[in-house]
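Notes to accompany the following structure.
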Amino acid sequence: MQHVTQPRNTGKALSLQTAAERFGVLERPDLTYTPAVAKETAHLYERVKDFIPAIEWPVFAPYIHAINRLKKERGAVILAHNYQTPEIFHCVADITGDSLQLARDATRVDAEIIVQCGVHFMAETSKLLNPQKTVLIPDGLAGCSLSESITGADVRALKERYPGVPVVTYVNTSADVKAETDICCTSSNAVAVVDSLESDTVLCIPDEYLAMNVAKKTNKKILTWKGHCEVHERFTAEELLEYKAADPSIEIVAHPECHPSVLAVSDYAGSTSGMIDYVKTRRPGRVLLVTECSMASNIQAEVPDVNFVKPCNLCPHMKRITLPKILDSLLFMTEEVLVDPAIADRARLAVERMVNLKQ
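Letter 220 of the sequence shown, counting from 1, is numbered 219 in numbering that gives the first Met the number 0, and no numbers are missing.
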């Protein structure tokens, strides 16, 4: 199955040959948990033993073993976002990071095939930056509430309403939206991107809370949109203050997709990679990560001396990516991500401007 992004006003045909036709399909391997599989995956289990009970490892290990073998056979690289589950993040991913890191690393990989373990806009971004490579997403329905909150037509309407105002679009958007954009941003570089523009007024879309948080760190007038992350909008300052009241020593580390009132009671706010760096550097005794809860498990594997408090808000879209789906993606070369040439060049320019921005 191909997951195709098309502009809303065109039905232009895209690929003439599918990835399965170009690379062929492979037979499903034996997924028995044998002594050989146990031995070859033992070092990987050491990374995740605090999160996956030993009794469950025989379910995961055959898939991990098969995926790691198949990606070498295919000449593929697996990119995984920080919100992926530990068995993906620590056991099959070649490159991990936040949206900006993955976008940058996507331009540096030599592999002909990229398997994106994240939501669809991330795979689409990898395709924009690697138009000649084959980009696969294990589940094309892995969407994003922010991406779905706005369309290219919405951006065109905003540009008509605010003529001449530059548009900064969060990378959590479709190529159709990026194509109407001057430059993209992520949560880690949004302030730098906004400050790089000469205009005194900037459209910062679609994440309303991110834009509000950026506005507190720049002298520019920020115009925004009513988009929200369904994970981060559920956190409240009141619940965090309750944690603080119960344990004043706890450090609260929040993502800027949260409401400004949440950041106001936090000890640190930053992108997922910034949050990881903060925890690794400070090594607080107890920390509460105000973000998707899989990330706490992924960090804890590297800083076992830190006690993580987990107010667990799961991203249902990220959780659509599973080991069986990754295996099928490599076996059958699905789901291929294609971007219509009518919008790809303009969307790519907005992403490249972000990637090339000097920090």
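Where a beta carbon is used, it is the ideal one built from N, C-alpha and C, also for glycine.
Bear in mind that the values here come from a model prediction, so they are computed numbers and not experimental data.
| Item | Value |
| --- | --- |
| Going straight from the alpha carbon of Thr280 to that of Ala300, what length do you get? | 15 Å |
| I'd like to know whether the C-beta atoms of Val289 and Phe307 end up nearer to each other than 8 Å. | no |
| From which residue to which residue does the beta strand (DSSP E) around Arg285 run? | Arg285 to Val289 |
| Look up Asp199 in the DSSP assignment and say whether it is helix, strand or coil. | coil |
| Just checking my contact of Thr333 with Leu135 at CB under 8 Å: how many whole Å lie between their CB atoms? | 7 Å |
| Can you find the residues in the same chain that come closer than 6 Å, C-beta to C-beta, to Ser296, ignoring five residues on each side of it along the sequence? | Phe50 and Pro85 |
| Whose C-alpha, out of His254, Val192 and Ser148, is nearest the C-alpha of Asn312? | His254 |
| Considering Cα atoms alone, identify which of Val338, Leu322 and Ala346 is closest to Asn67. | Leu322 |
| From Val302 to Tyr277, what distance separates their C-alpha atoms? | 12 Å |
| Contact check, Thr31 vs Pro52 under 8 Å by CB: the rounded distance? | No, Thr31 and Pro52 are not in contact; Cβ-Cβ is about 20 Å, not under 8 Å. |
| CA-CA distance, Thr168 and Pro205? | 7 Å |
| Apart from the five residues on each side of it in sequence, which residues of its chain come closer than 6 Å, Cβ to Cβ, to Leu25? | Leu330 |
| Please state whether the Cβ-Cβ distance between Asp181 and Ala349 is less than 8 Å. | yes |
| Val114 and Ile94 look like a contact to me (Cβ under 8 Å); what is the Cβ gap, rounded to whole Å? | Between Ile94 and Val114 the Cβ distance is about 11 Å, and since that is not below 8 Å, they are no contact. |
| Work out the CA separation of Ala41 and Val47 for me, nearest whole Å. | 10 Å |
| Pick out whichever of Ala191, Leu202 and Ala245 has its Cα sitting closest to the Cα of Ile356. | Ile is not the amino acid found at residue 356; the sequence shown has Leu there. Nearest C-alpha to Leu356: Ala191. |
| DSSP on Phe307, reduced to helix/strand/coil? | strand |
| Just tell me which of Asp304, Ile275, Lys318 and Cys143 has its CA closest to the CA of Gln100. | Ile275 |
| Could you pull out every residue in the same chain whose Cβ sits closer than 6 Å to the Cβ of Ser125, ignoring the five residues on either side in sequence? | Ala105, Ile113, Gln115 and Val134 |
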